[in-house]
Amino acid sequence: MPQLSTLVNNINDAQTVEENVYKLRESLIKNYNRRGYNSELEVTINKGRKYWKVITDNSVHCFVDVKNGDVYKAASWNKPAAIVRYNLLTNPEIVFERCDWAGGYLYIR
């Protein structure tokens, strides 16, 4: 049986990941508005069993693992790419600085 402290840490991590997913949403909108576009960027967040799905307008921007905060580029509407790009628990500031509304920061260079 898992220890109580482990369960509490997992709950705290999940809450932190959720907060950072919504901060990522705000960062994407700020980046879009800074570029001077005349339209609004619609960013929605959907929670699934394993991933948060960040959707910009009508396409998947990225997937974020619910448990550990790993950020993945989208491979398709329902599937993330295999390689972790960032982590919202260990280095969320880097993600918020680098993110752009079009998803260019998710490509491996």
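Quick note on this note's numbering: the sequence shown kicks off at 48 and runs consecutively.
All C-beta atoms in this analysis are idealised placements derived from N, C-alpha and C, irrespective of residue type, glycine included.
The region 106-125 and the region 77-89 do not touch, with fewer than three beta-carbon pairs separated by less than 8 Å. Under the DSSP assignment, R156 falls outside any alpha helix (DSSP H); it carries neither an H nor an E label. The bridge partners DSSP lists for A61 come to none. When C-beta atoms of the region 58-77 are compared with those of the region 130-147, three or more pairs fall below 8 Å, so the two segments count as touching.
Non-local beta-carbon contacts of Y119 in its own chain, meaning distances under 7 Å to residues more than five positions away in sequence, involve C109, F110, P127, A128, V131 and R132 in chain order. Around the beta carbon of Y98, a 10 Å sphere encloses 16 or more other beta carbons of the protein chains shown; the residue is thus reported as buried.
Bounds of the alpha helix (DSSP H) holding V142 are P139 to R145.
Annotated three-state conformation of R81 is helix, per DSSP.
DSSP places R96 outside both helix and strand once states are collapsed to three, so it counts as coil. Relative to D104, the option among A122, I155, A149 and F143 whose CA is nearest is A149.
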